[in-house]
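First the structure, in the form of structure tokens, and then the observations on it.
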Amino acid sequence: MRPSVMRSAAQLLRRRNYSSASGQQARKVAILGAAGGIGQPLSLLMKLNPLVSSLSLYDIAATPGVAADVSHINSPALVKGFMADDQLAEALDGADLVIIPAGVPRKPGMTRDDLFNINAGIVKNLCTAIAKYCPNALVNMISNPVNSTVPIAAEVFKKAGTYDEKRLFGVTTLDVVRARTFYAGKANVDVNTVDVPVVGGHAGITILPLFSQVRLGKNGVEEVLGLGQLTQFEKDGLEALKGELKSSIEKGVAFANANAPDIRFSSFQYDSFGDSLADTGNFPFLYGNDSREPALRTPYGETFFRRATGRFSDGRLIVDFIADTMGLPFVRPYLSGRTAEDFASGANFAVGGAMALGPDFFRGRGVPMGDRMHLDVEMKWFHDLLDLLCPADRAEGVPVISCVA
1 MRPSVMRSAA QLLRRRNYSS ASGQQARKVA ILGAAGGIGQ PLSLLMKLNP LVSSLSLYDI
61 AATPGVAADV SHINSPALVK GFMADDQLAE ALDGADLVII PAGVPRKPGM TRDDLFNINA
121 GIVKNLCTAI AKYCPNALVN MISNPVNSTV PIAAEVFKKA GTYDEKRLFG VTTLDVVRAR
181 TFYAGKANVD VNTVDVPVVG GHAGITILPL FSQVRLGKNG VEEVLGLGQL TQFEKDGLEA
241 LKGELKSSIE KGVAFANANA PDIRFSSFQY DSFGDSLADT GNFPFLYGND SREPALRTPY
301 GETFFRRATG RFSDGRLIVD FIADTMGLPF VRPYLSGRTA EDFASGANFA VGGAMALGPD
361 FFRGRGVPMG DRMHLDVEMK WFHDLLDLLC PADRAEGVPV ISCVA
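Under the UniProt record's numbering, the first residue of the sequence shown is numbered 1, with each subsequent residue one higher.
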């Protein structure tokens with residue numbers, strides 16, 4: 001969204017004087033993902049906004065504390081914090097504006113597919129709730145990849161019969177802000193006098209600033225003009241972005257329309273063989289650097305997103321690669337860590353892996369080996385417990401069992 005449009009909208013609302021203090025219509029804003037790195041400063045800004053009379057802060061964890069801190073700001077908006085699925089309806093009920101920074105940011109080692117696999121399900125379920133509890137709300141989508149999450153939201157709203165193209169926005173202000181700043185620095189002019197149109201999407205080559213269309217002026221945009229003559233470089237860039245942007249949009253549409261169960265963060269059940277103590281970063285956090293446990297000593301007792309480095313390994317496991325290949329979300333941490341962001345990527349690492357080969361193999365080569373921790377034993381446990389683990393859909397698991405057994 002262009003800054004000029006945002007300014008115009010704010011000016012319009014001020015002229016209409018929507019504020020609970022003046023007795024006019026109240027405005028409720030809901031932020032979904034309010035405890036995250038974007039959600040917290042965004043919540044602060046919304047609390048300072050005089051047009052907001054009610055502020056709902058929602059996240060899966062830590063929201064009460066964030067809401068308490070934000071509520072101390074001396075501005076009229078009333079702040080309430082909501083947490084977990086059972087409070088989502090109340091958080092959204094009657095909202096006029098919903099802003100969605102929920103999900104995880106892209107971190108080192110993560111591909112765009114990794115990001116999509118995690119955030120797509122989050123966005124789909126949140127938008128399903130929006131369609132039910134505040135169908136007329138304006139929806140601002142911040143969750144990445146925006147090129148795909150906006151189409152997901154659109155498809156969800158279409159299915160619910162609440163879609164309005166004028167009420168769904170992908171937030172790409174960051175691209176416009178950067179373009180204006182970079183141009184002003186290069187041209188050595190006041191950034192406040194610069195307006196740079198940015199077209200396309202919000203990832204990689206789909207972001208195309210049109211520097212040939214820059215307008216300078218202290219009054220900003222006074223009228224909406226069609227794009228003038230583009231440079232050849234910009235024309236080439238425009239053609240290059242179309243394919244990738246189209247692919248991202250289609251990916252979001254396909255996900256929203258897939259005949260798959262709705263997912264809330266990660267609700268799938270995974271069985272990982274060989275990684276007997278697969279964890280998501282909580283084991284070292286709970287037990288510290290215990291000198292008696294090799295898995296907790298460096299370099300393996302550290303959490304980072306990369307490939308495994310040994311039997312006591314720190315990196316992506318089989319279960320992560322399976323989830324990635326099948327387009328399923330990563331297994332998320334069962335504890336939140338020191339902060340909600342510590343282990344947010346959901347990538348697992350093994351703090352003690354089982355042997356793939358049975359003890360007979362090692363004994364035949366003169367290597368003493370116990371009988372308990374090897375893949376054959378884990379497969380037997382799985383077969384013994386299969387009816388308990390998934391009695392309703394055992395047939396779906398059989399091909400996988402046959403494949404790995």
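Where a beta carbon is used, it is the ideal one built from N, C-alpha and C, also for glycine. All values derive from a computational prediction rather than experimental measurement.
Find the nearest neighbour of residue i within the set the options, judged by alpha-carbon distance.
i    : options                : result
A62  : A129, F169, G36, K107  : G36
V52  : L44, D59, G185         : L44
G237 : T149, K246, V199       : V199
D59  : S247, F233, G39        : G39
K235 : I207, P64, K132, D190  : I207
E90  : Q232, R365, V177, Y133 : Y133
D93  : A129, A68, K47         : A129
M83  : D69, G65, A95          : G65
A179 : S75, V194, K159        : V194
L115 : N147, L126, A131       : N147
A254 : A154, M46, E239, N188  : A154
L174 : S75, A203, K159        : A203
S247 : T149, R167, F233       : T149
Taking residue i as part of the beta strand (DSSP E), name the residues at either end of that continuous run.
i    : result
F169 : 168-170
D93  : D93 -> no beta strand (DSSP E), and no H or E assigned at all.
F82  : 78-83
D59  : 54-59
L44  : L44 -> not in any beta strand (DSSP E); alpha helix (DSSP H) instead, spanning 39-48.
V196 : Here V196 belongs to no beta strand (DSSP E), and DSSP marks it neither H nor E.
L97  : 97-100
Please classify residue i: does DSSP put it in a helix, a strand, or coil?
i    : result
S143 : coil
V189 : coil
P209 : strand
K28  : strand
V253 : helix
D86  : helix
L174 : helix
M379 : helix
L51  : coil
T339 : Unreliable positioning characterises T339 in this predicted model, as indicated by a pLDDT of 48, which lies under 50. The coordinate reading is nonetheless provided below. T339: coil per DSSP, three-state reduction.
R307 : Low per-residue confidence applies at R307: pLDDT is 45, beneath 50, and the placement is therefore not dependable, though the value from the model is reported in the following sentence. If DSSP states are grouped into helix, strand and coil, R307 belongs with coil.
Suppose you measure from the CA of residue i to the CA of residue j; what does that come to, to the nearest Å?
i    : j    : result
P135 : K80  : 21 Å
V367 : D360 : 9 Å
F169 : L97  : 11 Å
A77  : R27  : 9 Å
T162 : D85  : 22 Å
L210 : L88  : 40 Å
P151 : E250 : 8 Å
N119 : S71  : 28 Å
D190 : V196 : 13 Å
M379 : R106 : 35 Å
N117 : R365 : 44 Å
N17  : N49  : Its pLDDT being 42, under 50, N17 is placed unreliably by the model, and nothing is read from it.
D376 : D384 : 12 Å
I73  : K47  : 7 Å
E165 : F157 : 10 Å
R292 : G358 : Confidence in R292 is poor, its pLDDT being 49 and thus under 50, which makes the residue's placement too unreliable to answer from.
V123 : G243 : 24 Å
G121 : V176 : 28 Å
F362 : M110 : 37 Å
P108 : Q213 : 34 Å
T172 : A160 : 26 Å
L42  : L55  : 11 Å
A67  : D113 : 32 Å
Q232 : A95  : 45 Å
A57  : C127 : Strictly speaking, residue 57 in this sequence is Leu, with Ala absent from that position. Spanning the two alpha carbons is a distance of roughly 16 Å.
R167 : A131 : 12 Å
N125 : N188 : 46 Å
D69  : A137 : 26 Å
E239 : S75  : 47 Å
Where do the N-terminal and C-terminal ends of the alpha helix (DSSP H) with residue i fall, by residue?
i    : result
G65  : 63-71
P359 : 359-363
Could one say the Cβ of residue i lies closer than 9 Å to chain D's Cβ atoms, at least one of them?
i    : result
D384 : Considering every chain present, this structure includes no chain D. It has just one protein chain.
Any chance the CB of residue i is under 8 Å from a heavy atom of the ligand MN?
i   : result
Q40 : Ligands in the displayed structure: none, and consequently the ligand MN is not present.
*Assess, as a yes-or-no matter, whether the region 95-111 is touched by the region 26-46 under the definition of 3 or more beta carbon pairs within less than 8 Å.*
Contact between the region 26-46 and the region 95-111 is present: three or more C-beta pairs spanning the two stretches fall below 8 Å.
*Could you say if the region 183-190 and the region 137-144 meet the contact criterion of at least three C-beta pairs nearer than 8 Å?*
In this structure the region 183-190 does not lie against the region 137-144, because fewer than three pairs of beta carbons, one per stretch, are closer than 8 Å.
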